[in-house]
Amino acid sequence: MNTTYLGLELRRFARDRASLFFIGVLPAFFYIIFGATQAYGGSPLGNGNVALYILVSMAAYGAVTATVGVGGMAAVERMQGWGRQLGLTPLRDGGFVLVKITLAVVVALLPVTLIAAIGALTGAEGTTVAWTLSLLAVAGGACVFALFGLCAGLAFRTEAAVSAASGMVVVLAFLGNVFVPLSGTLLAIAKFTPLYGYVALARYPVTEGRLISGDGASLGSDPLWLPLLNLGVWSAVLAVAAVLLVRRGRERQ
Amino acid sequence: MTHTRPTAPPSPAAATGAPAVELRGLTKTFATRSGDVAAVRGVDLRIETGEVVAVLGPNGAGKTTTIDMLLGLTSPTGGSAEVFGRPPRDAVREGRVSAVLQTGGLLRDLTVRETVRLIASTYDAPAPVEDVIDRAGLGAVASRMVSKCSGGEQQRLRFALALLPDPELLVLDEPTAGMDVTARRDFWRVMHAEAARGRTVVFATHYLEEADDFADRIVVVAQGRVVADGPTAEIRSRAVGRTVHATLPPTGRDDAVATLRRLAGAADVTVQGDRVRVVATDSDAVARTLLVELDAHDLEILTGSLDEAFVALTGAAQTTEEGR
Chain A
1 MNTTYLGLEL
11 RRFARDRASL
21 FFIGVLPAFF
31 YIIFGATQAY
41 GGSPLGNGNV
51 ALYILVSMAA
61 YGAVTATVGV
71 GGMAAVERMQ
81 GWGRQLGLTP
91 LRDGGFVLVK
101 ITLAVVVALL
111 PVTLIAAIGA
121 LTGAEGTTVA
131 WTLSLLAVAG
141 GACVFALFGL
151 CAGLAFRTEA
161 AVSAASGMVV
171 VLAFLGNVFV
181 PLSGTLLAIA
191 KFTPLYGYVA
201 LARYPVTEGR
211 LISGDGASLG
221 SDPLWLPLLN
231 LGVWSAVLAV
241 AAVLLVRRGR
251 ERQ
Chain B
1 MTHTRPTAPP
11 SPAAATGAPA
21 VELRGLTKTF
31 ATRSGDVAAV
41 RGVDLRIETG
51 EVVAVLGPNG
61 AGKTTTIDML
71 LGLTSPTGGS
81 AEVFGRPPRD
91 AVREGRVSAV
101 LQTGGLLRDL
111 TVRETVRLIA
121 STYDAPAPVE
131 DVIDRAGLGA
141 VASRMVSKCS
151 GGEQQRLRFA
161 LALLPDPELL
171 VLDEPTAGMD
181 VTARRDFWRV
191 MHAEAARGRT
201 VVFATHYLEE
211 ADDFADRIVV
221 VAQGRVVADG
231 PTAEIRSRAV
241 GRTVHATLPP
251 TGRDDAVATL
261 RRLAGAADVT
271 VQGDRVRVVA
281 TDSDAVARTL
291 LVELDAHDLE
301 ILTGSLDEAF
311 VALTGAAQTT
321 EEGR
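Chains A and B are the protein sequences, given in the same order.
Heads up, the first sequence is in the numbering used here, so the first residue is 1 and it goes up one at a time.
Heads up, the second sequence is in the numbering used here, so the first residue is 1 and it goes up one at a time.
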């Protein structure tokens, strides 16, 4: 692993104030508004409480925003000539990918760590197993969505497209049952959207699959295979799209 | 991989003195929506170590595509490219060849020094970062963001990056494009110093003047082919051809112009009133045809400028191409 390259990438990220805000600060702010300061936060839920459930949701949102941004910028950079510059060095494609994946994980850990710290101090509670497994799933699953950013960058080749893809994460988060508990038809549709499986999997250690509704009505629960299948299918779709787009880019060179 | 090239040649070919560059029947065709476009149509070129060679040609002649194949950035559709007897990508990995590319290729949110450090980190034994910054004349702007650097400074940064592996072969693709006169002069002064260290230098340009000032040998490329190749002085004298002016008789003028256009020694034919102007690679042949065959009078032969020379060299290929 080229640690000099990784260090310089982290420095670049720290220089980008707008991304720092959207990735680092905004999800933590959302958690404070919708989780920490709400009366329902203390209600027990599965292996923790509602505050922990919201904490995991917001951490997932922040982590995905981070990986989409890193993946997208990697694609745009490569196509704007940096790929040619690196093509003149001994650095192999695999080495570049390794640096970018590590960067995505480190950047995703920023909102996750911040929210977890705030949550621990403001009433999010759960078993150690629930905390650990949920946060690991948040960080690990977020990597899949680096592919989403990568596809957006490869398809449209501009920084604006990457920003748009990051913005899309908000829409996908609503559709994926991340922010507001959905019910009825919307919930039925949500189960097919990309962020649903990811966030449901990350919540599983807390909820054991139980679905939460806005009004306290019972919505039943998801079996574990459902979020796994959703995440698996979307990973495959994004991976295939990325491969096709890379191939198209090569032919155009 | 270690930086041991002078003592341990990586292949038998290198040990037996393989040329710095060897291109054989190199072709590249791009598939586009409107059909296949041939950018490079069979280039044969051998460059020995220590040569300073200019690849001269107009925009779209296939210079950049040829250089991309020479550096292993693009794979050829046909033929082969070898650098020091090795596949280009291997030569790049060994740090034996590096290049200054035309545009892009820099991250705007790094400083000059950080960019050099980053690229240096990809080599096992790079030249010292500060040393390279000094040699490229970037000392004063080393802490500046790339986005705040002028075009000339960015170009010198690309040059600094190319010096990092201490390459035996340095390839420059239109290195002074977008530079003002002073920056251009400074750049070539630095390049002279590097060439004096015994590096093989290959540079693409569309300025004949640059090729003339700096190269020992000029390879003229047009329409994806090599149309002239030789020592700079020879190409210059061939290129700085002549223009032949004459007055044509009023009858059969169109036929006369058509005859001139078919002539091998005529690169460009223009008519102004009853005067015809021919940019000639072989002015004797053109003059003979005009006087003997076409009954022209008031003939003048003028020595052309460098710009006209360029048209003479590359335009000849153009007319052959159109005539096919």
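Each residue gets a CB set at the ideal place from its N, CA and C atoms; glycine is no exception.
B:A31 is bridged by DSSP to B:D36. In summary, the residues of the region 115-131 of chain B whose CB is separated from some CB of chain A by less than 9 Å are T115, R117, L118, I119, A120, S121, T122, Y123, D124, in the order they occur in the chain. Spanning the alpha carbons of A:L10 and A:L135 requires a straight line of approximately 22 Å. DSSP, read as helix, strand or coil, puts A:G209 in coil. Within the region 80-110 of chain A, those residues whose Cβ lies closer than 9 Å to any Cβ of chain B are, in chain order, Q80, G81, W82, G83, R84, Q85, L86, G87, L88, T89, P90, L91, R92, G95.
Any Cβ of chain A closer than 8 Å to the Cβ of B:R93 would place that residue at the interface, and such an atom is present. For B:I218, the uninterrupted beta strand (DSSP E) run begins and ends at 217-222, by DSSP. Per DSSP, the unbroken beta strand (DSSP E) holding B:E82 starts and ends at 78-83. Neighbours of A:E77 across chain B, judged by C-beta separation under 8 Å: L107.
At a cut-off of 8 Å between beta carbons, B:T49 makes no contact with chain A. Minimum Cα-Cα distance from B:M69 among the listed residues B:E51, B:D109, B:L23, B:T103 corresponds to B:L23. Contact note: B:G224 does not reach chain A at a C-beta cutoff of 7 Å; the least C-beta distance is about 17 Å.
In this structure, A:G153 places its C-beta atom within 8 Å of the C-beta atom of A:V162. For the C-beta of A:T67, not a single chain B residue is nearer than 8 Å; the gap to the nearest is close to 19 Å. Under the DSSP assignment, A:F34 falls outside any beta strand (DSSP E); it carries neither an H nor an E label. Going by C-alpha positions, A:C143 is about 40 Å away from B:G78. For A:L45, the beta-bridge partners assigned by DSSP are A:G48.
CA-CA distance, B:V83 to A:G81, rounds to 23 Å. Taking C-alpha positions only, A:M168 is separated from A:I189 by approximately 17 Å.
Chain-order list of chain B residues neighbouring A:L8: L110, E114, R117, L118, by C-beta distance under 8 Å. A:G35 and A:R210 have their C-alpha atoms some 18 Å from each other.
For A:N2, at least one C-beta of chain B is nearer than 8 Å to its own C-beta.
Minimum Cα-Cα distance from B:A246 among the listed residues B:A54, B:A61, B:P175, B:V271 corresponds to B:V271.
Within the same chain, and ignoring the five residues on either side of B:A39 in sequence, the residues whose Cβ sits closer than 8 Å to its Cβ are K28, T29, F30, G62, T65, G224.
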